[in-house]
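All remarks here apply to the structure that follows.
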Amino acid sequence: MITFVSTHIDEVIVDFLSYNFNTIDCPGEILCFQGYIPEFSDIEINFLITGSGESRSLVALNWLEKNIKTHYLINIGFSDSTSENATHGHIIISTSIGNLFGYPIEWDLNDIKFSNNVNNELFNISRKSCYLGNIDFHVGKSISVANNFRTDKLKKWINTRKDILSIDNTGYFIGKYAEKHKIPFISITSILNYINENNSDLMKDLDYSPNEKIINKIKIFSRSNFNNKLKVSRSSLNKFIKLFGKEFSSSIKIQ
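Counting from -12, one number per residue, gives the positions in the sequence shown under the numbering used here.
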């Protein structure tokens, strides 16, 4: 079983109806689907969609621990870039993820605790998939930061740390879960906003459930602008997953 974890159904690039995925009963807002897609051969796939924020992530991962045996864990979705070189649709491959806890006044950029959960097989498959698909990608550290602190100012501040490439919602908690349970892990995200973009705090102050219409909460972006961002990032993720699945299936056999 491979489990993909994301915060919102818009980040999931599989048409569950087309592939006859089963809907798994979950508590509260959590969404979970299980099934098979051609790119992963005969390997069963599980998509766990948590909603935004630390508390939602932890509740969903606690449920996962009790209900689903996972052999590989992959954080997938959208992220904000902290690098001038990573723009819309670029894939970020991360195996080292940290978190800025608390409030900005308490943060020390030089003392971020990173979870180094390296799995060489997943890393090499991810990188090879990008090469095969001619997909622009970057490799490096990511951090998880609450939505209401993900501002353009924060991204520029973090850019003083050249080793940190992106910000997302859940990577840290998924990585820690994988580390605790000794599950091979990698984070694959596609850039939705980049650092030099005007009004690039797109996800700022958003609190959303797994299938809530995020566009209804966004005030500073037009609907067409936001939908274009989604289209670019989803296209990149979709292309990556198709290649990743084929490479994964030919390289790794789940017992």
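By construction, the Cβ of each residue, glycine as well, lies at the ideal position given by its N, Cα and C atoms.
How far does the alpha helix (DSSP H) with residue i in it reach, from first residue to last?
{"i": "LYS163", "result": "158 to 167"}
{"i": "PHE101", "result": "Per DSSP, PHE101 belongs to no alpha helix (DSSP H); it is in the beta strand (DSSP E), 101 to 103."}
{"i": "VAL46", "result": "41 to 54"}
{"i": "ILE130", "result": "Looking at the DSSP string, ILE130 is not in any alpha helix (DSSP H); the run it does join, the beta strand (DSSP E), is 128 to 131."}
Which of the three DSSP states is assigned to residue i in this structure?
{"i": "LEU87", "result": "coil"}
{"i": "TYR23", "result": "coil"}
{"i": "TYR6", "result": "coil"}
{"i": "ILE61", "result": "strand"}
{"i": "ILE11", "result": "coil"}
{"i": "ILE78", "result": "strand"}
{"i": "ASP(-3)", "result": "helix"}
{"i": "ILE182", "result": "coil"}
{"i": "ILE228", "result": "helix"}
{"i": "ILE92", "result": "helix"}
{"i": "SER116", "result": "helix"}
{"i": "ASP155", "result": "strand"}
{"i": "SER66", "result": "strand"}
Would you please state the rounded distance, in angstroms, between the beta carbons of residue i and residue j? I believe it to be under 8 Å.
{"i": "ASP159", "j": "ILE84", "result": "It should be pointed out that residue 159 corresponds to Tyr in this sequence rather than to Asp. Contact flag correct, Cβ pair sits at about 5 Å."}
{"i": "VAL132", "j": "LEU141", "result": "7 Å"}
{"i": "ALA165", "j": "LEU60", "result": "5 Å"}
{"i": "ILE161", "j": "THR57", "result": "Not really, about 11 Å apart at Cβ, beyond 8 Å."}
Cα separation between residue i and residue j?
{"i": "SER177", "j": "LEU230", "result": "15 Å"}
{"i": "LEU87", "j": "THR157", "result": "12 Å"}
{"i": "LYS200", "j": "ASP194", "result": "11 Å"}
{"i": "GLY76", "j": "VAL219", "result": "6 Å"}
{"i": "ASP150", "j": "GLY127", "result": "6 Å"}
{"i": "GLY64", "j": "ARG148", "result": "23 Å"}
{"i": "VAL46", "j": "ILE173", "result": "20 Å"}
{"i": "ARG43", "j": "PHE34", "result": "15 Å"}
{"i": "ILE55", "j": "SER153", "result": "29 Å"}
{"i": "HIS125", "j": "ILE80", "result": "6 Å"}
{"i": "GLU(-2)", "j": "PHE227", "result": "13 Å"}
{"i": "TYR6", "j": "GLY232", "result": "15 Å"}
{"i": "LYS53", "j": "ASN183", "result": "42 Å"}
{"i": "HIS(-5)", "j": "LEU217", "result": "12 Å"}
{"i": "ILE145", "j": "ASP123", "result": "21 Å"}
Assuming residue i is part of the beta strand (DSSP E), what are its boundary residues?
{"i": "ILE145", "result": "Note, ILE145: premise wrong, no beta strand (DSSP E); alpha helix (DSSP H) at 139 to 145."}
{"i": "PHE34", "result": "32 to 36"}
Three or more C-beta pairs below 8 Å linking the segment 84 to 100 and the segment 21 to 31: no
The segment 10 to 20 / the segment 35 to 42 touching (three or more Cβ pairs under 8 Å): yes
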